[in-house]
Amino acid sequence: MKMTTISKNEFLLLCENCLKENGLSRFCEENTLLLLYKMVENMLKVNAVMNLTAITEPRDVAVKHLADSLLAAALIPESASLLDVGCGGGFPSLPLAIARPDLRITALDSTAKKTAYVADAAKLLGLNNLQTLTGRAEDLAQMPEYREKFDCTAARAVASLPILCELCLPFVKIGGKMIAMKAKLDESESTMAPQTLGASCFKRHEFTLRGAETEETRLILVAKKQKHTPKEYPRAYTQIKKKPL
Ligand code: SAH
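At position 192 of the sequence shown (counting the first as 1) the number is 191 in numbering that gives the first Met the number 0, and the numbers step up by one without a gap.
Take a look at the structure:
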């Protein structure tokens with residue numbers, strides 16, 4: 000959003016309409032909208048010097064980043080600890096931290112520049128429910144302080160489903176859930192990975208993302224952790240890629 004192309008009030012209104020259209024009117028409180036605006040304004044400023052997103056039109060940002068991230072909110076229990084695996088420019092972690100102050104969110108990425116941006120944004124927005132973690136998911140998930148320590152993981156646009164399972168499920172506590180946010184699902188993504196890693200098979204939630212000229216389908220897949228993940232998972236990334244579960 001070039002602040003030259005749209006005023007703050009225009010964005011607030013656009014954002015409110017977009018959230019309402021997507022069944023997210025519970026997140027339309029004035030303070031929430033103001034923080035979302037501030038987040039986007041900062042993101043686009045930083046985006047000029049560091050590649051965070053290709054989506055920069057105000058309407059597209061509202062639909063494809065804000066509403067899309069918040070679609071997952073309905074599937075995350077009250078007061079849960081949530082690990083955003085591969086947070087990139089902070090999606091879904093930043094909008095969720097703004098809209099769901101009850102959550103305790105950790106935004107994880109292997110790129111230190113990305114987690115530094117997310118940490119700076121959280122500070123700017125005064126979000127005390129969001130912290131960051133830098134490293135590779137497959138390494139951190141083998142460490143006792145992170146393994147099976149989160150109520151939920153969320154991941155958007157990080158890897159194909161079999162790979163994503165191995166990156167996410169080892170972090171999830173028994174009784175917790177892995178949430179995978181997908182635009183579409185290829186046949187090649189059908190997998191026994193959840194069962195291998197101690198979880199139920201995926202339950203599929205389908206949403207229509209409305210706004211702008213677009214009406215797109217979004218899938219949110221949820222697997223429940225039922226048993227401990229066997230110690231050999233996650234494997235080294237080369238193995239994960241070479242032989243996805
Ligand atoms: N979730 C964000 C970013 C998606 S891009 C969004 O929806 O916009 C994917 C991100 O995942 C990149 O920032 C990349 O650095 C990170 N990533 C990929 N594999 C990873 C791994 N094994 N461990 C940690 N981060 C990883």
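Where a beta carbon is used, it is the ideal one built from N, C-alpha and C, also for glycine.
Q) Any chance the CB of Leu135 is under 7 Å from a heavy atom of the ligand SAH? A) If you number the sequence shown from 1, residue 135 lands on position 136. Correcting the residue type first, residue 135 is Arg in the shown sequence and not Leu. It does: the Cβ of Arg135 is within 7 Å (strictly closer) of some heavy atom of the ligand SAH.
Measuring CB to CB, does Ala115 end up less than 8 Å from Gly89?
For this step, residue 115 is matched to residue 116 along the sequence shown. For this step, residue 89 is matched to residue 90 along the sequence shown. No. Outside cutoff.
- Task: Determine, using beta carbons only, whether Ser92 and Val117 come nearer to each other than 8 Å.
- Result: Within the sequence shown, residue 92 is the residue found at index 93, counting from 1. Within the sequence shown, residue 117 is the residue found at index 118, counting from 1. Yes, these two residues count as a Cβ contact at 8 Å.
Checklist entry - Is Phe170 helix, strand or coil by DSSP? => result Taking the first residue of the sequence shown as position 1, residue 170 is located at position 171. Reduced to three states, the DSSP call for Phe170 is helix.
Ala153 and Leu107 - do their beta-carbons sit closer together than 8 Å?
Residue mapping note: residue 107 aligns to position 108 of the sequence shown, counting from 1. Residue mapping note: residue 153 aligns to position 154 of the sequence shown, counting from 1. No, Cβ-Cβ distance for Leu107 and Ala153 is not below 8 Å.
Identify, in the order they occur along the chain, each residue of the same chain with its Cβ nearer than 7 Å to the Cβ of Ala198, setting aside the five sequence neighbours on each side. Reading the sequence shown from its first residue, position 199 is the one you call residue 198. Result list for Ala198: Leu168, Met177, Ala222, Lys223, Lys224, Gln225, in chain order.
Alpha carbon to alpha carbon, what distance is there between Cys151 and Glu165?
Residue mapping note: residue 165 aligns to position 166 of the sequence shown, counting from 1. Residue mapping note: residue 151 aligns to position 152 of the sequence shown, counting from 1. For Glu165 and Cys151, the distance between alpha carbons rounds to 14 Å.
Excluding sequence positions up to five away, which residues of its chain have a Cβ less than 8 Å from the Cβ of Ile97?
By 1-based counting over the sequence shown, the position of residue 97 is 98. Same-chain partners within the cutoff: Thr31, Leu34, Leu35, Met38, Leu124, Leu126.
Q. Residues in its own chain within less than 6 Å of Arg155 by CB, not counting five upstream and five downstream?
A. Reading the sequence shown from its first residue, position 156 is the one you call residue 155. Answer for Arg155: Phe90, Pro91, Met180, listed in chain order.
**Asked** Cβ of Phe149 versus every heavy atom of the ligand SAH: is any distance shorter than 7 Å?
**Response** To locate residue 149, count along the sequence shown from 1; it is residue 150. Checking the Cβ of Phe149 against the ligand SAH gives no.
* **Unbroken stretches of the alpha helix (DSSP H), 4 residues or longer, contained in the region 50-120** => Listed in chain order, the alpha helix (DSSP H) runs fully inside the region 50-120 are 92-98, counting runs of at least 4 residues.
Legend entry - Proximity winner among Leu160, Leu51, Asn128, Met42, relative to Asp101 (alpha-carbon distances): For this step, residue 101 is matched to residue 102 along the sequence shown. Cα-wise, what sits closest to Asp101 is Asn128.
Which value, in whole angstroms, describes the spacing of the CA atoms of Gly174 and Glu147? To locate residue 174, count along the sequence shown from 1; it is residue 175. To locate residue 147, count along the sequence shown from 1; it is residue 148. So the two alpha carbons sit approximately 10 Å from each other.
Q.
Going by C-alpha to C-alpha distance, which of Asn8, Gly87, Ser109, Cys14 sits closest to Met49?
A. As a first step, residue 49 is located in the sequence shown; it is residue number 50 there, counting from the start. If we check each option's Cα against that of Met49, Gly87 comes out closest.
Can you list, in chain order, the residues of its chain with a C-beta nearer than 8 Å to that of Ser78? Leave out the 5 residues immediately preceding and following it. Sequence index remark: in the sequence shown, residue 78 carries index 79 (1-based). Cβ within range, chain order: Asp101, Leu102, Arg103.
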